[in-house]
Amino acid sequence: RRATTLDPTDGRAYWILAEAARLSGDLDTARNALNKAATDITDESAEFHVRLSTVALQVDELELAESFARVARVKEPMHAPAHYQLARVFLLRGRPDDAATILLGGLNEQFLDPRYIREDPILRDLADHPDLAAAMGKE
């Protein structure tokens, strides 16, 4: 908490606070940290946005999870974890076609791995999606 007060633009501090609060069962503090991060962080890498998105998913903040994942993807357009995370969020939000579109783009650009999609506990549900069939066959 002190680190977020000292530097309100430090995404790492918010991520650590949100993760620690989640692990200790303090979901309100985790959600507050994520909301604060969404408005205050500016210069963090795509990887930290993916981490924030992951915590947001774990505390059922799907809209925030999507927002962080979208920012990660914009910050680093070929950052595979950002694409996987955004696809997960779309799938969990009941938007499998949007998730498939995200994955298809990365598969076509050859920076996503079909094996990872098949092995991911959430994404594997998309492995047989008709829009991905041809791209998933490439390994």
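Per our numbering, residue 2 is the first one in the sequence shown, and the count goes up by one each step. The C-beta atom is built at its ideal place from N, Cα and C for all residues, glycine as well. Keep in mind the model is a prediction, meaning the values are calculated, not measured.
Open item on the list: Does the beta-carbon of D98, which I'm using as the reference point, lie nearer than 7 angstroms to any heavy atom of the ligand MN?
Closed with: The ligand MN is not among the ligands present in this structure, which contains no ligands whatsoever.
TODO: Using 10 angstroms around the beta-carbon of E64, count the other beta-carbons present and answer buried if the total reaches 16, otherwise exposed.
DONE: exposed
- [ ] Assign T102 to one of three DSSP states: helix, strand, or coil.
- [x] helix
- [ ] Would you decide whether P82 is buried or exposed? Buried here means 16 or more other CB atoms lie within 10 Å of its CB.
- [x] buried
Task: C-beta contact flag for A212 and G12 at 8 angstroms - done: The chain is shown only over 2 to 140; residue 212 falls outside these bounds and no answer can be derived.
Open item on the list: According to DSSP, simplified to helix, strand and coil, what is V60?
Closed with: coil
TODO: With distances taken Cα to Cα, identify the nearest neighbour of A19 among S46, P122, N33 and E110.
DONE: N33
- [ ] Go ahead and pull the three-state DSSP assignment for M137.
- [x] helix
- [ ] Check whether the Cβ atoms of L133 and A101 lie closer than 8 angstroms to each other.
- [x] yes
Task: Where the alpha helix (DSSP H) containing L35 begins and where it ends - done: L28 to D41
- [ ] Identify whether T147 lies in helix, strand or coil by the three-state DSSP scheme.
- [x] With the chain covering 2 to 140 only, the question about residue 147 has no answer from this structure.
Open item on the list: Quick check: what's the CA-CA separation for A57 versus A135?
Closed with: 32 angstroms
- [ ] Could you check if V72 is buried or exposed, using at least 16 other CB atoms within 10 Å of its CB as the buried criterion?
- [x] buried
Open item on the list: I need the straight-line Cα distance from E140 to L108, nearest angstrom please.
Closed with: Because the pLDDT of E140 is 44, which lies under 50, any placement of that residue in the model is unreliable, and the question is left without a value.
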